[in-house]
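Visitor: Dumping the structure here so I can ask a few things about it.
In our numbering, the protein residues as written are 670 to 965.
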C-alpha cells in the first residue's frame, strides 16, 4: 500500500458547467482546496460527487485527474461501485492503472442482491486488482445492507478486502465491525455527525461530504483526537454537526454546492438534472445553517 489509509477523506464534489459538463478546472481547485486544509485522502465519484449521474468515461477521467492533481499529497480512493460486477471490475482496474491508492465499492443498488451474491461480487472485484478494496455500505440509498458476518467472511478470505465506509448511521454497527473483523481492517465512519464517536470506538477515520464545505472542522476532529485532546475534538465535532443539515436542502449535494458559493470557496455549478436549482428560500436556509456552524 503506497500510503496509510486513515483520517479524514472528503467525498469530493463534482463541479459542472452551466451545460452540465464536468468542470475539470473547478474539480482541480476543489482537490487543492481540500489538500491545503490537511485532508488525508480524497474520495471522488461517491454520493457527494453525484456518481449516479456520471457516465463511465467521466468516472474514469475524474479518477485520472484526481491522481494527477493530488500528486501524492494525499491518498486517492475513488468509488468504483456499479450495479453489475463487470462494470465495477472495469472501473477498479482503471483506478489501479491510473495510480489510485485504493478503491471503495458501493454495494450494487436497485437489485437488492443476497449476502452470498455480495460476497461473490466483492471477491471478483478484489481478484481483479492488487490495491486495497473497501466496501461502501449506505443502505438508506441502495436498499442493500452489508451484514457483519458477510464482512467477517470477506475480510478473512480475501487478502485485499481491506475495509469499509459504513454510512448506515449506526455507530453500534460500526463498532461491531471493528470488533468482529481482523486487526488492520479499516472501518470509516460515513455519517459526518459521528466522526468523533467513531474514532473513540477504534474506527480509522471518516469519509465526510461536509469536508467540502468545512474541511478545517473535519480535519480538526481527527487532529485533536490524535493529540488526545478529546475536549477539542468534541468541540470541532459539535461545530461540524450542523453542516450535515445541508444534505437535506434540495437534493443532495445541491446544498453543499450552494454553501461553497456562499462561503466564497468555489462555484461548482449546478447539480445534474433531475436535481433542480435551489429556490431563494432554500438558499436562505443554507445561509442559516452556515451561520449556525459559525462559518458565516
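C-beta: ideal position from N, C-alpha, C; glycine also.
What are the complete alpha helix (DSSP H) segments, minimum 4 residues, inside the region 720-760?
Guide: If we require 4 residues or more, the alpha helix (DSSP H) runs fully inside the region 720-760 come out as 725-739.
Visitor: Relative to the alpha-carbon of residue 796, which residue among 785, 875, 805 and 827 has its alpha-carbon at the smallest distance?
Guide: Counting from 1 along the chain shown, the entry for residue 796 is found at position 127. When only C-alpha atoms are compared, the closest one is 827.
Visitor: What residue range is occupied by the uninterrupted beta strand (DSSP E) comprising residue 855?
Guide: As a first step, residue 855 must be located in the chain shown, where it is residue number 186. Taken as a continuous stretch (DSSP letters only), the beta strand (DSSP E) holding residue 855 covers 855-858.
Visitor: Can you tell me whether DSSP reads residue 717 as helix, strand or coil?
Guide: For this step, residue 717 is matched to residue 48 along the chain shown. In the structure shown, residue 717 sits in coil (DSSP, three-state: anything other than H, G, I, E or B).
Visitor: Compare the beta carbon distance of residue 773 and residue 748 with 7 Å and say whether it is the shorter of the two.
Guide: Working through the chain shown from its first residue, we reach residue 773 at position 104. Working through the chain shown from its first residue, we reach residue 748 at position 79. Their beta carbons are under 7 Å apart, which means residue 773 touches residue 748 by this criterion.
Visitor: Based on DSSP bridge pairs, tell me the residues matched to residue 955.
Guide: One-based indexing of the chain shown puts residue 955 at position 286. Beta-bridge pairing links residue 955 to no other residue.
Visitor: Taking the C-alpha atoms as reference points, what is the distance between residue 789 and residue 898?
Guide: Here residue 789 refers to the residue found at position 120 when the chain shown is read from its first residue. Here residue 898 refers to the residue found at position 229 when the chain shown is read from its first residue. Using only the alpha carbons, I get a separation of about 42 Å.
Visitor: Kindly indicate which three-state DSSP category residue 670 falls into: helix, strand or coil?
Guide: Start at 1 with the first residue of the chain shown, and residue 670 comes out as number 1. At residue 670, the pLDDT of 42 sits below 50, so the modelled position is not reliable; the number obtained from the coordinates is stated separately. Note: residue 670 maps to coil in three-state DSSP.
Visitor: Contact between the region 857-877 and the region 749-757: three or more CB pairs below 8 Å?
Guide: Result no; under three Cβ-Cβ pairs closer than 8 Å.
Visitor: Tell me where the beta strand (DSSP E) around residue 803 begins and ends.
Guide: Working through the chain shown from its first residue, we reach residue 803 at position 134. 802-806 is the extent of the beta strand (DSSP E) around residue 803.
Visitor: Applying the criterion that 16 or more other CB atoms from any shown protein chain within 10 Å of the CB defines a buried residue, is residue 858 buried or exposed?
Guide: Here residue 858 is taken as the residue at index 189 of the chain shown, counted from 1. Residue 858 comes out buried.
Visitor: Identify, in the order they occur along the chain, each residue of the same chain with its Cβ nearer than 7 Å to the Cβ of residue 844, setting aside the five sequence neighbours on each side.
Guide: Position 175 of the chain shown holds residue 844. Only 870 meet the Cβ criterion.
Visitor: Counting pairs of Cβ atoms below 8 Å between the region 672-685 and the region 693-712, do you hit three or more?
Guide: Contact holds: three or more Cβ-Cβ distances are below 8 Å.
Visitor: Using 8 Å as the Cβ pair cut-off and three pairs as the minimum, do the region 823-839 and the region 847-861 touch?
Guide: Contact between the region 823-839 and the region 847-861 is present, because at least three Cβ pairs lie under 8 Å.
Visitor: Output the distance between the C-alpha atoms of residue 847 and residue 691, rounded to the nearest integer angstrom.
Guide: Here residue 847 corresponds to residue number 178 of the chain shown, with the count starting at 1. Here residue 691 corresponds to residue number 22 of the chain shown, with the count starting at 1. Roughly 37 Å between the two C-alpha positions.
Visitor: Given 8 Å as the limit, is there contact between the region 874-885 and the region 913-932, that is, 3 or more CB pairs closer than that?
Guide: Enough Cβ pairs lie closer than 8 Å, so yes.
Visitor: Report the CB separation of residue 701 from residue 737 in whole angstroms; it is logged as a contact under 8 Å.
Guide: Counted from its first residue, the chain shown places residue 701 at position 32. Counted from its first residue, the chain shown places residue 737 at position 68. Not confirmed; about 12 Å, so no contact.
Visitor: Distance, Cα to Cα, residue 670 vs residue 854?
Guide: Mapped onto the chain shown, residue 670 falls at position 1. Mapped onto the chain shown, residue 854 falls at position 185. Here the model assigns residue 670 a pLDDT of 42, short of 50, so the residue's position is not dependable and the matter cannot be decided.
Visitor: How big is the Cα-Cα spacing for residue 741 and residue 732?
Guide: On the chain shown, residue 741 is found 72 positions in, with the first residue counted as 1. On the chain shown, residue 732 is found 63 positions in, with the first residue counted as 1. Those two C-alpha atoms are separated by around 14 Å.
Visitor: Check residue 685 in the structure and name its three-state DSSP category.
Guide: Stepping through the chain shown from its first residue, residue 685 is reached at position 16. Residue 685 falls in the strand class under three-state DSSP.
Visitor: Does the Cβ of residue 686 have 16 or more other Cβ atoms within 10 Å, making it buried, or fewer, making it exposed?
Guide: One-based indexing of the chain shown puts residue 686 at position 17. Classification of residue 686: exposed, given that the 10 Å Cβ count is below 16.
Visitor: Thinking residue 765 and residue 799 are a contact (beta carbons under 8 Å), I'd like their distance in whole angstroms, please.
Guide: As a position in the chain shown, residue 765 is number 96, starting the count at 1. As a position in the chain shown, residue 799 is number 130, starting the count at 1. Correct: roughly 7 Å between the Cβ atoms.
Visitor: In three-state terms, what does DSSP make of residue 962?
Guide: Walking along the chain shown from the start, residue 962 turns up at place 293. The answer is coil: DSSP assigns residue 962 none of H, G, I, E or B.
Visitor: Just list the residues that DSSP pairs residue 772 with in beta bridges.
Guide: Here residue 772 corresponds to residue number 103 of the chain shown, with the count starting at 1. 802, per the DSSP bridge assignment.
Visitor: Would you report the Cα separation of residue 960 and residue 841, rounded to the nearest angstrom?
Guide: As a first step, residue 960 must be located in the chain shown, where it is residue number 291. As a first step, residue 841 must be located in the chain shown, where it is residue number 172. Roughly 31 Å separates the two Cα atoms.
Visitor: Am I right that residue 833 and residue 804 are in contact with their C-beta atoms under 8 Å? What's the rounded C-beta distance?
Guide: Counting from 1 along the chain shown, the entry for residue 833 is found at position 164. Counting from 1 along the chain shown, the entry for residue 804 is found at position 135. Between residue 804 and residue 833 the Cβ distance is about 4 Å, and since that is below 8 Å, they are a contact.
Visitor: Within 7 Å (strictly less), CB to CB, does residue 704 reach chain B?
Guide: Of the protein chains in this structure there is only one, and it is not chain B.
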